[in-house]
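What the sequence shown shows, in this note's numbering, is residues 7 to 151, in sequence order.
Glycine included, C-beta positions come from ideal geometry on N, C-alpha and C.
None of these values were measured; they are calculated from a predicted model.
What follows is a short report on a single structure.
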Amino acid sequence: MKPHPVCVLLLGLLVSVPLLAGADKAEFPDRRPLSSWQSFDPKDYGEDWLTLDRNGDGSTDYAVMVNDRGHKVREVMDFNHDGFMDNFYFYSNNVLQRQEIDTNGDQRIDVWIYLRRGVYITMWERDRTHDGVIDERVVYGGAQD
Ligand SMILES: [Ca+2]
Ligand SMILES: [Ca+2]
Numbered sequence: 007m008k009p010h011p012v013c014v015l016l017l018g019l020l021v022s023v024p025l026l027a028g029a030d031k032a033e034f035p036d037r038r039p040l041s042s043w044q045s046f047d048p049k050d051y052g053e054d055w056l057t058l059d060r061n062g063d064g065s066t067d068y069a070v071m072v073n074d075r076g077h078k079v080r081e082v083m084d085f086n087h088d089g090f091m092d093n094f095y096f097y098s099n100n101v102l103q104r105q106e107i108d109t110n111g112d113q114r115i116d117v118w119i120y121l122r123r124g125v126y127i128t129m130w131e132r133d134r135t136h137d138g139v140i141d142e143r144v145v146y147g148g149a150q151d
């Protein structure tokens with residue numbers, strides 16, 4: 007009996023993912039420190055920031071910092087409204103350069119997404135085990151412009 011094509015595909019994924027993660031492991035940095043301004047505590051976003059309580063629960067869940075030209079510099083969200091910031095956006099000249107996400111709400115970043123021209127993903131990294139160490143990285147090729 008021939009295996010179902012979907013089973014073959016799944017098996018391929020199971021085999022290929024650990025190989026991919028293992029191959030580059032030595033190149034990965036041990037830890038990725040937060041930027042100096044980055045905080046999971048909404049109370050840390052002071053007068054340099056415009057803050058909002060979008061769902062009206064009394065806790066800040068959105069903060070944005072703009073420069074003197076009105077361009078976004080940094081933007082932070084408590085996306086799941088658990089009282090801690092979890093999505094961090096890094097801008098340059100109003101264009102999104104990088105997004106960092108705490109996907110499981112343990113107040114540690116576990117996904118890093120790098121963009122070109124604000125929309126094209128050039129690379130992403132992930133801490134799949136939530137231990138603070140990056141263990142997966144995918145780099146996309148393609149024409150540079
Ligand atoms: Ca949150
Ligand atoms: Ca996390």
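DSSP three-state call for residue i: helix, strand or coil?
i, result
"residue 158", "With the chain running from 7 to 151 in the structure shown, residue 158 is simply not present."
"residue 93", "strand"
"residue 128", "strand"
"residue 146", "coil"
"residue 139", "coil"
"residue 108", "coil"
"residue 27", "For residue 27, the predicted structure reports a pLDDT of 45, less than 50, and the residue's modelled location is therefore unreliable. A value from the coordinates is still provided. Helix at residue 27."
Assuming residue i and residue j form a contact by the criterion Cβ under 8 Å, report the distance between their Cβ atoms to the nearest whole angstrom.
i, j, result
"residue 127", "residue 146", "6 Å"
"residue 79", "residue 72", "6 Å"
"residue 124", "residue 102", "4 Å"
"residue 136", "residue 110", "6 Å"
What residues are listed by DSSP as bridge partners for residue i?
i, result
"residue 115", "Its beta-bridge partners do not exist; DSSP assigns none."
"residue 80", "71, 96"
"residue 122", "126"
Is residue i near ligand 3, with its Cβ less than 7 Å from a heavy atom?
i, result
"residue 109", "Summarising the ligand content, the structure contains ligand 1 and ligand 2 and does not contain ligand 3."
Mind pulling the beta strand (DSSP E) runs of 3 or more residues that sit fully within the region 30-71? Those beta strand (DSSP E) runs which fall completely within the region 30-71 and span 3+ residues are 56-58.
Pairing CB atoms from the region 62-74 with CB atoms from the region 110-117, are three or more of them under 8 Å? Under the three-pair Cβ rule at 8 Å, the region 62-74 does not count as touching the region 110-117.
Between the region 83-94 and the region 119-138, are three or more C-beta pairs nearer than 8 Å? no
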